[in-house]
Amino acid sequence: GGGGAAGWWCFLRKPPAGTQEAAAAAAPAIYFKMPAFTVPVVRDGQLHGLVTVEMALQLKDDAEQSHAEAIRPRIVDRLYVTLYDLVGRRLVAERNFDMDLIKGRLLIAANQALGAPDAASDVIFTAVETRFAS
95 GGGGAAGWWC FLRKPPAGTQ EAAAAAAPAI YFKMPAFTVP VVRDGQLHGL
145 VTVEMALQLK DDAEQSHAEA IRPRIVDRLY VTLYDLVGRR LVAERNFDMD
195 LIKGRLLIAA NQALGAPDAA SDVIFTAVET RFAS
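Position in the sequence shown (from 1) plus 94 gives the number in the numbering used here.
Written out as structure tokens, the structure is:
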């Protein structure tokens with residue numbers, strides 16, 4: 095009888111409320127590394143410089159990572175178009191390439207590509223390099 099009770103306790107009973115949420119919160123972050131993006135900065139029809147960005151997306155779980163791997167070209171395209179659009183805008187240049195603005199727009203683009211508003215929870219920049227003509 096004691097073995098049956100122990101088996102039920104360990105394997106068959108439902109976990110207390112909040113245990114699954116705590117386990118999800120304690121799960122290690124999943125980072126999905128993107129290729130380096132090199133984006134031209136064009137002003138008045140002339141090449142003004144280049145911005146190279148290396149980043150990773152923080153995903154919510156392993157299933158989202160598998161999905162991201164399957165649609166990697168779509169994510170890369172969406173992020174590149176977003177970067178190209180942002181870097182070419184005077185607003186970004188006037189804000190001295192405000193990384194919070196860029197990060198927010200990239201997160202929106204990544205989640206649109208992934209098809210869920212919360213698939214990616216963050217964009218982590220691992221390197222940003224700017225080269226401008228003198």
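By construction, the Cβ of each residue, glycine as well, lies at the ideal position given by its N, Cα and C atoms.
Problem set entry | Residue from Ile169, Gln206 and Phe226 whose Cα sits closest to the Cα of Ala130 | Ile169
Problem set entry | Coarse secondary structure for Lys127, derived from DSSP in three states | strand
For this session: Go to Arg225, then tell me how far its beta strand (DSSP E) extends in each direction, as first and last residue.
Result: Ala214 to Phe226
Problem set entry | Cβ pair Ala227, Gly139 closer than 7 Å | no
Problem set entry | Integer Cβ distance of Leu177 from Val147, believed to fall under 8 Å | 6 Å
Exercise. Quick one: Cα of Ala213 to Cα of Ile196, how far?
Worked result: 18 Å
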